[in-house]
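Only one structure is covered here, and it is reproduced in the block below.
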Amino acid sequence: MANILVCDDERSICQMLDIALRREGYKVETVNSGEDAKKKLDSAIFDVVVTDIKMPQTSGIEVLRYAHQVSPDSAVILITAVDDYEAAVQAVKAGGATDYIRKSPGLVDEIKLAIKRALEKIALSRQNFAFKRDAATRNSLDNIVGASPAMENLKQTIRTVRFHQLWRFSGDTFGKRALRLCERRIHWRESEQARIV
């Protein structure tokens, strides 16, 4: 069950969305000011924040910025009563709202759809993170069995090659120096091995 925070200075909008979203099975909390939204964000984790842009004192853009600060994984959906191009531009600059919806007779349906899309995106992001974490664990050098000097040498060579690949595409001076150092280290290892044989 997803946690949704609804923030609008119009109580009727909050009540309407509260009822509609609870019917969809979401856990919903509503507030009537940007300051109250920030307090809620400090005290709980919300999957999606739905906020009006134009509010007295603390705007929806400020709520968006704050939400991305304290809860970067939360999706933020902005709603507005007017077509405000400037507000849309600010929303993009502030870190990107998940959606931007104009208040209209179809507001509830549009918000339901936007929340569904946002939750799908969050789920995919979490799944992707889990896959990457699992792959990193499976592909760790620590999973290679063996502790002989030859095996340790192989592990060190793999680490060196990995480092080499990391900096291969770097155009900055530090990257070039690191690449040269890495190449020297590989060359030195090869010459040491040839000398031993």
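Residue numbering for the sequence shown follows this note's numbering, beginning at 195 and increasing consecutively. Note that beta-carbon positions come from the ideal geometry of N, C-alpha and C, so glycine has one too. Here the structure is a predicted model, which means the values were calculated and not measured.
By Cβ distance below 8 Å, which residues in the same chain neighbour R311 in space, the five residues on each side in sequence not counted?
Here residue 311 refers to the residue found at position 117 of the sequence shown. So the qualifying residues of the chain are T292 and D293.
Alpha carbon to alpha carbon, how far is R353 from S253? Give it in angstroms, no decimals.
Locating residue 253 in the sequence shown gives position 59, where the first residue counts as 1. Locating residue 353 in the sequence shown gives position 159, where the first residue counts as 1. Each residue's alpha carbon lies about 50 Å from the other.
Could you tell me which of A231, E314, A317 and L211 sits nearest to H262, measuring between CA atoms?
In the sequence shown, residue 262 corresponds to position 68, counting from 1. Checked all of A231, E314, A317 and L211; the closest Cα to H262 is A231.
If you count every other CB in all the chains shown that lies within 10 Å of the CB of L307, and 16 or more means buried, which is it?
The sequence position of residue 307 within the sequence shown is 113, counting from 1. L307 is exposed by the Cβ-count criterion.
Rounded to whole angstroms, what's the CA-CA distance from A214 to I207? Just pull it up for me.
Position 20 of the sequence shown, counted from the start, is the residue given in the question as residue 214. Position 13 of the sequence shown, counted from the start, is the residue given in the question as residue 207. If I take the Cα positions, the gap works out to 11 Å.
DSSP has D246 in a bridge; who is on the other side?
Position 52 of the sequence shown, counting from 1, holds the residue named residue 246. The partner list for D246 (beta bridge, DSSP) reads I273.
Measure how close the beta-carbons of D246 and D203 come, nearest whole angstrom, since I'm counting them as under 8 Å.
As a first step, residue 246 is located in the sequence shown; it is residue number 52 there, counting from the start. As a first step, residue 203 is located in the sequence shown; it is residue number 9 there, counting from the start. About 6 Å separates the two Cβ atoms, so the contact holds.
Just to confirm the assignment, what range does the alpha helix (DSSP H) spanning I295 have?
Translated into positions along the sequence shown, residue 295 becomes position 101. Careful: I295 lies outside any alpha helix (DSSP H), inside the beta strand (DSSP E) at D293 to R296.
Between the alpha carbons of I316 and G340, how many angstroms are there, rounded?
Counting from 1 along the sequence shown, the entry for residue 316 is found at position 122. Counting from 1 along the sequence shown, the entry for residue 340 is found at position 146. Looking at the two C-alpha atoms, the distance is approximately 40 Å.
With I198 and V222 assumed to form a contact (beta carbons below 8 Å), what rounded beta-carbon distance in angstroms separates them?
Position 4 of the sequence shown, counted from the start, is the residue given in the question as residue 198. Position 28 of the sequence shown, counted from the start, is the residue given in the question as residue 222. The pair is a contact, with the Cβ atoms about 5 Å apart (cut-off 8 Å).
Determine the DSSP secondary structure at E223, reduced to helix, strand or coil.
By 1-based counting over the sequence shown, the position of residue 223 is 29. Strand at E223.
Apart from the five residues just before and just after V264, which ones in its own chain have a Cβ nearer than 6 Å to its Cβ?
For the purposes of this step, residue 264 is taken as the residue at position 70 of the sequence shown. Contacts found: L235.
With H, G and I counted as helix, E and B as strand and the rest as coil, what does DSSP make of I198?
Your numbering for residue 198 matches position 4 in the sequence shown. In this structure, I198 counts as strand in the three-state DSSP scheme.
Between the Cα of V225 and those of V200, Q321 and P343, spot the shortest distance and give me the residue it belongs to.
As a position in the sequence shown, residue 225 is number 31, starting the count at 1. Checking every option, the nearest Cα to that of V225 belongs to V200.
Would M249 be called buried (16 or more neighbouring beta carbons within 10 Å of its own) or exposed?
As a first step, residue 249 is located in the sequence shown; it is residue number 55 there, counting from the start. Buried: at least 16 other Cβ atoms inside 10 Å.
Would you give the residue range spanned by the alpha helix (DSSP H) that G204 belongs to?
Locating residue 204 in the sequence shown gives position 10, counting from the first residue. As written in the sequence, residue 204 is Glu, which differs from the Gly given in the question. E204 -> no alpha helix (DSSP H), and no H or E assigned at all.
Kindly indicate which three-state DSSP category E346 falls into: helix, strand or coil?
As a first step, residue 346 must be located in the sequence shown, where it is residue number 152. Helix.
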